[in-house]
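Novice:
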Amino acid sequence: MIVKFRCLLARLLPVVCAAASILPPSPAGAADADHGPAYGPELEGFAYPAPVEHYAFTSQQETLQMAYMDVKPEKPNGRTVVLLHGKNFCAATWGETIEALAAAGYRVIAPDQIGFCKSSKPAHYQYSFQQLAHNTHALLQSLGVTEATIVGHSTGGMLAIRYALMYPQETRRLALVDPIGLEDWKAKGVPPITVDQWYARELETTADGIRRYEQATYYAGQWRAQYEPWVQMLAGLYRGPDKEIVARNSALIYDMIYTQPVVYELGNLTMPTLLVVGDKDATAIGKDFAPPEVRANLGHYPELAKLARAAIPHATLVEFPGYGHAPQMEDPPAFHKALLDWLAAQP
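Written out as structure tokens, the structure is:
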């Protein structure tokens, strides 16, 4: 049974609402800038909106566990939707979408990828989108799912594209929600970034830094109290006892994102594809490493979305004016209507 998403927020928000209702300026180096909960390396202590199960498997000679939610509807329509989270978004951030899809009759499977959130953080792992796609496919096979609609947000959009290219016969439909990877950042002039550079940056992660980045990049300069639990979710991993292994995995994942573009293969997608984009999204991996003249040309989602629609053979584009990187969190009712209407219109 799914825990009502508003109930989950009600449990989390009292801890953080006082600080989050208005985003105040934080003095540089303020001693209290990163107070909050600490979580274990697999987000132990952070509540999810539905029961979390684990798929155990071996990959690259590592014994791993992939956490996932598998929510079955009361009145099933026989279809399955798989929700793939972004880099700074765990499966828990899909809570309202899980609720909306299940209410419409869809079985919903929402995994945390290896290296993220409640899943394993291996000491040694070669991250690639094809590896994560293979892991996800193995999970679905273990659950008896042979065909599904794949929905990917942000980095999950890059993974969803790779999954659809690897398993086209099992991808009934594809939905991409503000996917990153619609441009090649290296080719546009972002300088080379080493894993050590990513790791050093990740070790400096604080709630204040996450909040300011997300406000500026994800939420079009706006801030609401309901975003704060997701800040604390991420920051809590870096307050916990295994900060270094969390940072190490995060650095390797950033390297994967930065070095494995999917934009050149969009034309190979054969299934009906929904592209949902907030026109104020400004996300671009590595832009903080780039000189100002390069940074100015990155992350222009209205333009990137139109280019992607033209490249993908069976694409439908839905734009959300005034919203940023996460329309499913900024305006859940409008997002869910767009997604459900599109799903209902497909054979």
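So for the sequence shown, this note's numbering puts the first residue at 112; every next one is plus one.
Ideal Cβ positions, reconstructed from N, Cα and C, are used throughout, including at glycine.
Can you tell me whether P233 is helix, strand or coil according to DSSP?
Specialist: Coil at P233, not helix or strand.
Novice: Tell me whether P138 is buried or exposed, calling it buried when 16 or more other Cβ atoms sit within 10 Å of its Cβ.
Specialist: Only weak support exists for where P138 lies, its pLDDT of 31 falling under 50; the value from the coordinates is given anyway. Label assigned to P138: exposed.
Novice: Does DSSP classify G263 as helix, strand or coil?
Specialist: It is a strand residue.
Novice: By the three-class DSSP mapping on this structure, what secondary structure does Q252 have?
Specialist: DSSP places Q252 in helix when its eight states are reduced to three.
Novice: Taking L450 as part of the alpha helix (DSSP H), name the residues at either end of that continuous run.
Specialist: Counting along the chain, the alpha helix (DSSP H) containing L450 begins and ends at P443 to A456.
Novice: Which residues share a DSSP beta bridge with I225?
Specialist: DSSP output for I225 lists no bridge partner at all.
Novice: Where do the N-terminal and C-terminal ends of the alpha helix (DSSP H) with R406 fall, by residue?
Specialist: That run of the alpha helix (DSSP H) goes P403 to R406.
Novice: Have a look at H447 and L270 and give me their C-alpha separation to the nearest angstrom.
Specialist: Spanning the two alpha carbons is a distance of roughly 21 angstroms.
Novice: Could you compute how far the alpha carbon of D230 sits from the alpha carbon of L251?
Specialist: Position check: residue 230 holds Ser in this sequence, whereas Asp was assumed. Their backbone Cα atoms lie some 16 angstroms apart in a straight line.
Novice: For the candidate residues S265, H264, H248 and G267, whose alpha-carbon lies nearest to that of E258?
Specialist: Taking only the C-alpha atoms, the option nearest E258 is H248.
Novice: What would DSSP say about V342, mapped onto helix, strand or coil?
Specialist: Of the three classes helix, strand and coil, the one that applies to V342 here is helix, per DSSP.
Novice: Of the residues T282, L454, W309 and P148, which one's Cα is nearest the Cα of Y369?
Specialist: Residue W309 is the option with its Cα nearest to Y369.
Novice: Is it a yes or a no for the region 202-210 touching the region 348-364, going by three-plus beta-carbon pairs under 8 angstroms?
Specialist: No: the two stretches stay apart, fewer than three of their Cβ pairs being nearer than 8 angstroms.
Novice: How would you label E315, buried or exposed, when you count the other beta carbons within 10 angstroms and need 16 or more for buried?
Specialist: Exposed, because fewer than 16 other Cβ atoms sit within 10 Å of the Cβ of E315.
Novice: Rounded to whole angstroms, what's the CA-CA distance from P383 to P458? Just pull it up for me.
Specialist: Their Cα atoms are separated by approximately 10 angstroms.
Novice: State the Cα-Cα distance for the pair M277 and N199, rounded to the nearest angstrom.
Specialist: Cα to Cα, the separation comes out at about 24 angstroms.
Novice: Ends of the beta strand (DSSP E) at G332?
Specialist: Here G332 belongs to no beta strand (DSSP E), and DSSP marks it neither H nor E.
Novice: Check this for me: beta carbons of M177 and A161, under 9 angstroms apart or not?
Specialist: No, the pair does not count as a contact, with Cβ atoms beyond the cut-off.
Novice: If you follow the alpha helix (DSSP H) that G206 is part of, which residue opens it and which one closes it?
Specialist: Element bounds for G206: G206 to A214.
Novice: To the nearest angstrom, how far is it from the Cα of G389 to the Cα of E414?
Specialist: Those two C-alpha atoms are separated by around 11 angstroms.
Novice: Would you mind reading off the limits of the alpha helix (DSSP H) that contains T370?
Specialist: Here the alpha helix (DSSP H) through T370 covers K354 to T370.
Novice: Can you give me the Cβ contacts of Y238 inside the same chain, cut-off strictly under 6 angstroms, excluding the 5 residues immediately before and after it?
Specialist: Excluding positions up to five away in sequence, the list reads L363, I364 and M367.
Novice: By DSSP's criteria, M180 is part of a beta bridge. Which residues make up the other side?
Specialist: DSSP, once it has assigned bridges, lists A221 as partnering M180.
Novice: Nearest to G300 by CA position, among L243, D399, A158 and L212, is which residue?
Specialist: Closest option to G300, Cα to Cα, is D399.
Novice: Looking at the structure shown, is A437 part of a helix, part of a strand, or coil, going by DSSP?
Specialist: The answer is coil: DSSP assigns A437 none of H, G, I, E or B.
Novice: Between which two residues does the beta strand (DSSP E) containing L164 stretch?
Specialist: Here residue 164 turns out to be Glu, not Leu, going by the sequence shown. Segment E164 to S170, the beta strand (DSSP E) holding E164.
Novice: Rounded to the nearest angstrom, what separates P443 and L287 at their Cα positions?
Specialist: So the two alpha carbons sit approximately 16 angstroms from each other.
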